[in-house]
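Using UniProt numbering, the first residue of the sequence shown is number 1, and each one after it goes up by one.
Ideal Cβ positions, reconstructed from N, Cα and C, are used throughout, including at glycine.
In this text, all values refer to a predicted model and were calculated from it rather than measured experimentally.
As C-alpha cells, the structure follows; a few thoughts come after it.
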Amino acid sequence: MQALYYVGPERLEMRDTEEPPLAEGESRVRIQATGICGSDLHAYHGHDPRRQPPLILGHEAAGEVVEGALAGKRVTMNPLIVCGRCDYCLGGRQNLCSHRTMIGMTRPGSFADFLTIPDHCLIELPDTLSSVTAALTEPAATALHGIQRLERTLPRPLAEAAVLVIGAGAVGLLVGLMLHQRGVRKLRLADTNPLRRQTALELGLDVFDPGKEKPGDDTFEAVFDCVGAAVTRDMAISAIRPGGAIMHLGLQDNNGGLDVRAITLKEITFLGGYTYTATDLLATVDLLDSGALGDLSWVETRSLDEGAQAFADLVAGRTAAAKVILLPS
Ligand SMILES: [Zn+2]
Ligand SMILES: [Zn+2]
1 MQALYYVGPE RLEMRDTEEP PLAEGESRVR IQATGICGSD LHAYHGHDPR RQPPLILGHE
61 AAGEVVEGAL AGKRVTMNPL IVCGRCDYCL GGRQNLCSHR TMIGMTRPGS FADFLTIPDH
121 CLIELPDTLS SVTAALTEPA ATALHGIQRL ERTLPRPLAE AAVLVIGAGA VGLLVGLMLH
181 QRGVRKLRLA DTNPLRRQTA LELGLDVFDP GKEKPGDDTF EAVFDCVGAA VTRDMAISAI
241 RPGGAIMHLG LQDNNGGLDV RAITLKEITF LGGYTYTATD LLATVDLLDS GALGDLSWVE
301 TRSLDEGAQA FADLVAGRTA AAKVILLPS
C-alpha cells in the first residue's frame with residue numbers, strides 16, 4: 001500500500017509499504033478521507049517526542065472496513081485506543097485512560113491506503129454522511145467535548161453568554177459553528193490569518209483580527225482558546241469577565257501567558273479539554289449528519305500523494321481552509 005511517512009523534521013515521503021498485519025480483535029479499514037490535524041503539524045516540525053520518525057501520521061479518518069467484524073461497513077474511528085478497565089474508562093472518561101495509545105502516534109496512522117485498528121474504536125456511519133464530512137468527526141468531537149465541559153461550570157445557559165473563540169482553525173471554527181447552532185448570539189471569533197477570517201466570515205460568524213482590534217477587557221463570560229499560545233492565554237485572561245470560564249483546547253506552546261493574579265482576583269475557572277469520550281464521538285457523528293452545522297464545504301480536499309505539499313502550505317498559512325483532508329487514491 002501507499003503511505004505518507006513522516007521521516008524527519010519537515011520531511012514527508014510517500015512510500016510503498018506492507019499492509020500492517022491484522023491482530024486478534026482488530027479490523028482493516030480502507031481509508032477514504034483523512035484530515036491533517038494541528039498535532040500532525042506539530043509532529044512534522046519535530047516538536048512531539050511521542051511521534052518518532054519513521055511514522056505514518058494521521059488520526060482523523062473515515063473509510064470502509066475490508067476485513068474484521070464490521071466488514072463492508074463505512075466507519076469513522078476513535079483514534080484513542082483505551083483499555084476499558086481502568087478507573088477513567090469505567091467512569092466514562094476514556095480520554096484520560098491510564099493505558100491509552102493512539103493511531104498516528106504509538107502505531108501507524110491514517111495517511112495511508114489502509115490501517116488496522118481495534119474493533120471497539122470503530123463507529124459505523126449513516127449512509128447520508130459523506131466520508132469527507134465524517135473525517136471531521138475527531139476535531140468536531142474535541143470542540144463538542146470542550147463546549148460541554150465549559151457549559152457545566154457556567155451559572156446560566158451558554159446561549160445567554162458573550163463568548164469569544166480564539167483561533168479559527170478547524171477546532172475553533174467548529175466551536176464557533178456549534179455555539180451559533182446552540183443559539184449563542186454574542187459570539188466573536190479572533191484569528192490573525194486573513195484567509196481563515198474570510199472563511200469564518202462567509203459562514204456568517206463575527207470574526208476580527210486580534211492584531212488590529214482588542215477583544216475588550218472583562219467582556220466575555222466564556223472564552224475558548226483554540227490556539228493555546230502565551231499570547232492567546234493572555235488575551236483570554238484579559239477578555240474574560242470576572243467569574244467567567246476559559247476552555248483551553250489548543251496546544252501551540254506550553255508556557256507563559258498565565259497571569260495567576262488575574263485568575264485569582266477575577267475568580268476565573270480555567271479548564272483544560274483533551275479530546276473526547278466515545279459518547280462525544282457518537283453525538284458528533286449525529287450532529288454532522290443532521291446538517292445542523294450548515295454547509296461544511298469549507299474543508300479542502302487533496303490527494304494523499306500531495307500530502308507533503310499540503311503540510312508545507314498549512315505551515316506557510318497559504319490555505320484558507322480550516323481543514324485539509326487527504327484522499328488516498
Ligand atoms: Zn486531531
Ligand atoms: Zn482505561
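A distance below 7 angstroms separates the beta carbons of I166 and V227.
Taking 6 angstroms as the cut-off, the C-beta of V82 counts as close to a heavy atom of ligand 2.
Along the region 179-263, the beta strand (DSSP E) occurs as fully enclosed runs of 3 or more residues at 186-190, 220-225, 240-248, listed in sequence order. For S303, the enclosing beta strand (DSSP E) covers residues 300-303. At a threshold of 6 angstroms, C37 counts as near ligand 1, since its beta carbon sits closer than that to one of the ligand's heavy atoms. Within its own chain, the residues whose Cβ lies closer than 7 angstroms to the Cβ of F208, once the five positions on either side in sequence are excluded, are R188, A190, listed in chain order. In chain order, G46 place their CB closer than 6 angstroms to the CB of P9, counting only its own chain and leaving out the 5 sequence neighbours on each side.
L144 sits in a helix when the DSSP states are folded into three classes. With contacts defined as CB atoms closer than 7 angstroms, A143 and V175 qualify as a contacting pair. Note on geometry: alpha-carbon atoms of T17 and T116 lie some 14 angstroms from one another.
Residue nearest to I123 within the set G204, V132, T137 is T137 (criterion: CA-CA distance). Three or more Cβ pairs drawn from the region 12-32 and the region 53-66 lie within less than 8 angstroms of each other, which places the two stretches in contact.
The alpha-carbon of A278 is positioned some 14 angstroms away from that of M102. Residue environment for R261: exposed (fewer than 16 other C-beta atoms within 10 angstroms of its C-beta). When DSSP assignments are scanned along the region 108-147, the uninterrupted stretches of beta strand (DSSP E) that are 3 or more residues long and fall wholly within it turn out to be 114-118, 122-124.
Bridge pairing for V29: V65, L115 [DSSP]. Residue state for L22 is assigned as coil, using DSSP reduced to three classes.
Around the beta carbon of P155, fewer than 16 other beta carbons sit within 10 angstroms, so the residue counts as exposed. Annotation: the continuous alpha helix (DSSP H) that includes G307 extends over 307-315. About 5 angstroms separates the beta carbon of R149 from that of G273, a gap short enough to meet the 8 angstroms contact definition. As a beta-bridge residue in DSSP terms, L327 pairs with S303.
CA-CA distance, T219 to L164, rounds to 9 angstroms. Around the C-beta of Q309, fewer than 16 other C-beta atoms lie within 10 Å, and the residue is accordingly described as exposed.
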